[in-house]
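Written out below as structure tokens is the structure these notes cover.
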Ligand code: ADP
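Numbering (the numbering used here), first residue to last: 19 to 244.
Dropping the structure here:
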């Protein structure tokens, strides 16, 4: 469960990036967050991953109250939250397999377990057979699916996808969206930002609209009309 209660984030004197945002996301929900550039969407994600601290307000994720979070608890928190970005952030000198395996290596998992787990997650994202390819040998959609595999390989409770289809053509974009739906069906909460109205219409999920650092609408499944 994700709970934000009147959260404000002010970076500098120019005003608040987020202003008294309250948001409640249930486990296994799929929430689309929309809003113009500069609305505060990335700031919201950075607060959830604890890259930034709120100026005021309460944040609780999976029972962890951020106000009382100790530095040594931050890795545990980050383990609960996978993140993918518009620009994939893959390691170009590593293969598909190695990019995903790396997330487990830095977590200290034994090689045997890594060899067992990575092929399974690559199958989930539809990349079986591409294990030995390098990122530059893949389409944009395939690269994003590698990034998703890496983000979910440690089975986070929450997946944040910040404009994951922004660099992709429609076919690749929908392949990525379908993978996000599949991961959500497996029980992971998904928070997605997109500027693509077709994707919003297709998904038919809860849509939270942020503008000027405030939630200006929050519509449940079925209530959304383009
Ligand atoms: P979005 O992701 O919706 O485009 P952001 O969260 O990136 O919006 O930005 C919200 C506001 O906060 C913008 O006015 C942006 O300029 C400002 N902002 C974001 N990050 C920083 C930062 N590190 N320092 C100062 N201002 C920032």
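In this text, a Cβ means the ideal position worked out from N, Cα and C, and glycines have one as well.
Asked: Which of helix, strand or coil DSSP assigns to residue 179; Found: strand
Asked: Buried/exposed call for residue 169, threshold 16 Cβ in 10 Å; Found: buried
Asked: Heavy atom of the ligand ADP within 7 angstroms of residue 88 beta-carbon; Found: no
Asked: Contacts around residue 24, its chain only, beta-carbon distance under 6 angstroms, and the 5 residues preceding and following it disregarded; Found: 38, 40 and 75
Asked: Residue 56 CB to nearest heavy atom of the ligand ADP below 7 angstroms; Found: yes
Asked: Spatial neighbours of residue 58 in its chain, beta-carbon cut-off 6 angstroms, leaving aside the 5 residues before and after; Found: 35, 36, 228 and 231
Asked: Distance CB(residue 171)-CB(residue 111) smaller than 8 angstroms; Found: no
Asked: Chain-order list of residues whose beta-carbon lies under 8 angstroms from that of residue 233 (same chain, five-residue window excluded); Found: 39, 40, 41, 226 and 227
Asked: Closer than 7 angstroms: residue 29 CB and nearest the ligand ADP heavy atom; Found: yes
Asked: C-beta atoms of residue 239 and residue 200 nearer than 8 angstroms; Found: no
Asked: Residue 130 versus residue 91: straight-line alpha-carbon distance, rounded; Found: 27 angstroms
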